[in-house]
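Residues in the sequence shown are numbered from 15 upward in steps of one, following the numbering used here.
All C-beta atoms, glycine included, are put in the ideal place defined by N, C-alpha and C.
Notes follow the structure.
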Amino acid sequence: MKKRKGFIFDLDGVIVDTAKYHFLAWKKIANELGIDFTLEHNELLKGVSRVRSLDIILELGNVAASQGDKDKWLIQKNEDYLSYLVDMDESEILPGVMPVLNFLKENNQPIALGSASKNARPILEKTGILPFFDAIVDGNDVVNAKPDPEVFLHAARLLNVTNEDSIVFEDSVAGVQAANIAEMLSIGIGEEETLHEAQHIFKDFTHMDSAFLESLINK
Ligand code: B16
Ligand code: MG
């Protein structure tokens with residue numbers, strides 16, 4: 015028998031490949047400050063709020079900064095990041111995402127966004143997938159950043175599903191930990207070595223077959 019579950023999607027790195035734009039924008043600031051910033055360092059920033067991301071970069075470089083400087087760099091980073099999004103369209107949706115969204119809709123499953131980003135809504139609009147979402151919780155709605163589970167707990171509440179009936183798709187370590195803390199099913203999208211705390215891991219959505227999706231709703 016089919017059951018009504020709650021499907022909660024992270025945004026950056028799960029639905030769209032904006033993680034690369036966050037990386038480029040942060041790398042620019044870091045390099046201007048004389049801080050080496052690699053793709054490995056960038057893993058620490060995934061799913062983490064903008065303010066905390068800057069603090070992590072400054073800690074990596076052992077750089078002390080005034081609040082005024084931090085505010086300036088935060089604005090600069092977001093302006094740079096937004097400049098990459100100007101021409102964004104549906105072509106930026108990651109492979110395999112649309113079939114999964116369509117499968118869930120066809121099976122009347124509620125869908126939510128659970129993202130740390132304050133730029134989530136315009137990205138969903140630009141890529142044309144806003145109508146798929148029954149609830150949106152983003153960086154504007156929560157106080158505590160992942161790995162705190164607040165963003166996913168809020169999303170489950172809006173979908174009117176229990177935590178144990180919630181399924182979270184995440185590309186970040188912090189996000190997987192947040193889903194686990196909330197006792198939701200954590201599905202990592204990315205590399206096994208990074209996301210090993212997730213209960214299931216897929217390299218991307220093209221590796222998730224319909225039998226797996228069926229198994230999530232046939233309980
Ligand atoms: P913004 P997600 C997160 O989005 C990103 O993974 C993270 O790198 C970024 O710092 C954070 O959003 C805040 O984004 O600067 O746009 O508010 O992965 O939780 O969808
Ligand atoms: Mg993410």
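Hey, quick one: how far does the beta strand (DSSP E) through residue i stretch, first residue to last?
| i | result |
| --- | --- |
| I29 | Per DSSP, I29 belongs to no beta strand (DSSP E) and is neither H nor E. |
Between which two residues does the alpha helix (DSSP H) carrying residue i extend?
| i | result |
| --- | --- |
| F117 | 111-120 |
| V156 | Looking at the DSSP string, V156 is not in any alpha helix (DSSP H), and its letter there is neither H nor E. |
| L227 | 224-231 |
| A169 | 164-173 |
| K86 | 81-99 |
| I137 | 134-140 |
| N56 | 53-57 |
The ligand B16 and residue i: does any heavy atom of the ligand fall closer than 7 Å to the residue's C-beta?
| i | result |
| --- | --- |
| L59 | yes |
| A130 | yes |
| V62 | yes |
| H36 | yes |
| Y95 | yes |
| S200 | no |
To the nearest angstrom, how far is the alpha carbon of residue i from that of residue j?
| i | j | result |
| --- | --- | --- |
| A188 | E120 | 31 Å |
| G110 | L25 | 14 Å |
| T220 | N122 | 21 Å |
| D101 | M112 | 20 Å |
| A78 | L47 | 11 Å |
| V156 | G61 | 13 Å |
| V114 | S80 | 45 Å |
| L173 | P145 | 15 Å |
| G75 | P124 | 43 Å |
Let me check you understand the geometry: is the CB of residue i closer than 7 Å to at least one non-hydrogen atom of the ligand MG?
| i | result |
| --- | --- |
| G204 | no |
| D152 | no |
| S186 | yes |
| D162 | no |
| V111 | no |
| D26 | yes |
| G75 | no |
Tell me residue i's beta-bridge partners as DSSP assigns them.
| i | result |
| --- | --- |
| A149 | A126 |
| S180 | G20 |
| L235 | This structure does not reach residue 235, given that the chain is present from 15 up to 233, and the question cannot be answered. |
| I107 | V30 |
| I215 | G202 |
I'd like to know if the segment 149-161 and the segment 183-194 are in contact, where contact means that at least 3 CB-CB pairs between them fall below 8 Å. With the cut-off at 8 Å, the segment 149-161 and the segment 183-194 touch.
Within the chosen definition, does the segment 87-107 reach the segment 122-140 through at least 3 CB pairs nearer than 8 Å? Taking 8 Å as the limit for Cβ pairs, the verdict is that the segment 122-140 does touch the segment 87-107.
Is the number of C-beta pairs between the segment 208-223 and the segment 102-109 that are closer than 8 Å three or more? Yes: at least three Cβ pairs fall under 8 Å.
Say whether the segment 170-181 touches the segment 194-206, bearing in mind that this needs 3 or more beta-carbon pairs closer than 8 Å, one atom from each stretch. Touching, per the Cβ criterion.
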